[in-house]
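Written out below as structure tokens is the structure these notes cover.
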Amino acid sequence: MKRKIKFLDLGAVNEPLMEQLVEAASGVVRSGWYINGENVKALEQELAQYCSTECAVAVSNGLDALRLIIRAYIELGAMQPGDEVIVPANTYIATVLAVTDNGLVPVLVEPDLVTMNLDPSLIERYITKRTRAIMPVHLYGTPCWSSQINELAQRYGLKIIEDNAQAIGAQAAVAGLNGTRVTGSLGHAAGLSFYPTKNLGALGDAGAVTTNDKELASVVRALANYGSDYRYHNVYCGLNCRMDEIQAAMLRVKLKHVDEENLRRANMAATYDTFINNPQVVKPAILPGCKQVWHQYVLRVEERGTFRAYLAENGIETDVLYPTPPHLQPCYIAQYGGASLPRTLALAGSVVSLPISVNVKEDEIQYICEIINKFHLK
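Heads up, my numbering is the position in the sequence shown plus 2, with the first residue counted as 1.
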């Protein structure tokens with residue numbers, strides 16, 4: 003009987019915690035309080051502690067977390083429409099949407115082909131008089147941080163806004179601006195996503211902002227609640243970006259286990275790294291001195307379509323994150339489609355994500371490695 007290995011099975015992921023999740027959900031339903039309740043407040047405290055920051059603000063999703071950070075900086079006078087934000091060209095479109103939604107200009111910078119993250123050595127050449135921030139993305143669970151980013155931020159007075167959507171629990175090899183190494187606390191503020199597929203996933207949309215800047219956190223909190231600092235008093239033309247109480251309850255259950263999830267993924271990544279041995283496949287780098295949390299395990303294969311079809315024939319599901327970079331999406335191509343970004347295009351045309359979650363068993367990982375090692379172009 004042919005094996006069938008799913009890329010991701012969220013039912014299997016949540017099954018070990020099912021009793022606790024059901025109990026938590028039942029508690030919220032019975033409480034009669036569904037927005038801005040005790041679970042949201044408690045989750046914010048627990049997230050701040052986990053991410054080594056002074057503050058955390060629970061919000062509706064990861065994109066809104068980034069949008070709110072930039073909007074808050076605008077309200078505080080640190081940025082204004084037309085200012086520039088340096089972003090990686092190799093990222094999910096949400097990173098760029100958060101910038102353009104606030105009337106700022108994304109400056110797309112190529113990735114390092116080893117880390118697949120923003121290349122720190124390229125940043126300075128893109129800094130202008132209008133640059134106000136750098137937005138490193140910890141793509142696939144690999145920290146995007148270096149002493150060079152730290153130094154540039156301080157020398158040019160730039161804000162560092164981390165896109166930490168995929169890397170909760172990761173640690174950089176060198177300390178960030180605040181002396182910590184934990185992603186989410188490296189820069190001035192960070193946006194987190196708890197989309198269900200993440201290492202720490204809600205049972206719907208959810209996100210958070212982490213920061214040591216209490217004033218920024220206060221403005222983010224108000225903006226996320228219709229611009230209100232207290233009931234029926236609206237100091238900003240705000241949004242409705244609050245996290246539901248029931249999602250906060252789900253996340254409180256799962257946050258207690260995120261380190262276990264990250265360790266499982268690290269062990270799977272180590273197995274892949276040890277046993278995949280095929281010159282037609284480029285494995286992701288395991289970086290010394292930092293902690294990667296492996297939201298994705300991403301290979302590079304030149305003949306991606308052939309490779310994925312071969313794995314599918316052998317019962318192995320894969321995914322591609324992301325086949326079309328932001329500058330070539332229909333909504334951006336008129337403005338940014340002419341950019342010369344060969345590294346970004348090379349990655350977009352070759353990346354393949356392998357199964358790496360609790361639903362994949364050790365013997366299945368071994369099987370996947372065996373099948374990959376037998377792959378060759380005819």
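The beta-carbon is built from N, C-alpha and C at its ideal position, and this holds for glycine as well.
It should be emphasised that the depicted structure is a prediction, and the values quoted were computed from it without experimental measurement.
Quiz item: Is it true that the CB of Leu202 sits closer than 8 angstroms to the CB of Ala226?
Solution: Here residue 226 refers to the residue found at position 224 of the sequence shown. Here residue 202 refers to the residue found at position 200 of the sequence shown. Contact annotation: Ala226 and Leu202 have beta-carbon atoms that are not nearer than 8 angstroms.
Quiz item: Does the beta-carbon of Ala174 have 16 or more other beta-carbons within 10 angstroms, so that it is buried, or is it exposed?
Solution: Along the sequence shown, read from residue 1 onward, the residue named residue 174 stands at position 172. Using a 10 angstroms sphere on the CB of Ala174, the tally of other CB atoms reaches 16 or more, which defines it as buried.
Practice problem: From the DSSP output, in three-state form, read off Cys292 for me. | Solution: By one-based count along the sequence shown, residue 292 stands at place 290. For Cys292, the three-state secondary structure derived from DSSP is coil.
Quiz item: Whose C-beta lies closer than 7 angstroms to the C-beta of Thr15 among residues of the same chain, with five residues either side of it excluded?
Solution: Your numbering for residue 15 matches position 13 in the sequence shown. Sequence inspection shows Val at residue 15; the Thr mentioned does not correspond to that position. Excluding positions up to five away in sequence, the list reads Ser359, Val360 and Asn361.
Quiz item: Would DSSP call Asn16 helix, strand or coil?
Solution: What you label residue 16 is simply residue 14 of the sequence shown in a count that begins at 1. Of the three classes helix, strand and coil, the one that applies to Asn16 here is helix, per DSSP.
Exercise. Please name the residue or residues paired with Thr213 in a DSSP beta bridge.
Key: Residue mapping note: residue 213 aligns to position 211 of the sequence shown, counting from 1. Cys57 and Ala191.
Self-check item: Residues bridged to Lys161 [DSSP beta-bridge criterion]
Solution: Taking the first residue of the sequence shown as 1, we reach residue 161 at position 159. BP columns for Lys161 point to Ala135.
Self-check item: Beta-bridge pairing of Ser355 - partner residues as DSSP gives them
Solution: Within the sequence shown, residue 355 is the residue found at index 353, counting from 1. In the DSSP secondary-structure assignment, Ser355 is bridged to Val300 and Asp321.
Quiz prompt | Rounded distance between the beta-carbons of Thr144 and Asn119, thought under 8 angstroms | solution = Taking the first residue of the sequence shown as position 1, residue 119 is located at position 117. Taking the first residue of the sequence shown as position 1, residue 144 is located at position 142. Right, the Cβ-Cβ distance comes to about 6 angstroms (below 8 angstroms), so this counts as a contact.
Quiz prompt | Any 3 or more C-beta pairs closer than 8 angstroms across the region 203-221 and the region 180-190 | solution = Short answer: they touch.
Quiz prompt | Neighbourhood of Ala58 by C-beta distance below 6 angstroms, restricted to the same chain and skipping five residues each side | solution = As a first step, residue 58 is located in the sequence shown; it is residue number 56 there, counting from the start. The residues are Glu46, Leu49, Ala50, Ala210 and Thr212.
Quiz item: Between Ser54 and the rest of its own chain, which residues show a CB-CB distance below 6 angstroms, the 5 nearest in sequence each way excluded?
Solution: Along the sequence shown, one-based indexing puts residue 54 at 52. Cβ neighbours of Ser54 within its own chain (closer than 6 angstroms, five residues either side excluded): Thr182, Val184 and Ser187.
Quiz item: Excluding sequence positions up to five away, which residues of its chain have a Cβ less than 8 angstroms from the Cβ of Lys285?
Solution: By one-based count along the sequence shown, residue 285 stands at place 283. Within the same chain, Lys285 has close Cβ partners Tyr274, Asp275, Ile278 and Leu301.
Quiz item: So is Lys131 in contact with chain C if we call contact Cβ pairs under 8 angstroms?
Solution: In summary, chain C is missing from the structure at hand, where a single protein chain is found.
Self-check item: Nearest neighbour of Val176, chosen from Gly291, Gln282, Tyr75 and Asn63 [CA to CA]
Solution: For the purposes of this step, residue 176 is identified with residue 174 of the sequence shown, where counting begins at 1. Residue Gly291 is the option with its Cα nearest to Val176.
Self-check item: Whether Gln298 touches Tyr52 by CB criterion (8 angstroms)
Solution: Stepping through the sequence shown from its first residue, residue 298 is reached at position 296. Stepping through the sequence shown from its first residue, residue 52 is reached at position 50. Going by C-beta atoms, Gln298 is not nearer than 8 angstroms to Tyr52.
Quiz item: Where does His329 sit, in a helix, a strand or coil, going by DSSP?
Solution: As a working note, residue 329 is residue 327 in the sequence shown. In the three-state scheme derived from DSSP, where H, G and I count as helix and E and B as strand, His329 is classed as helix.
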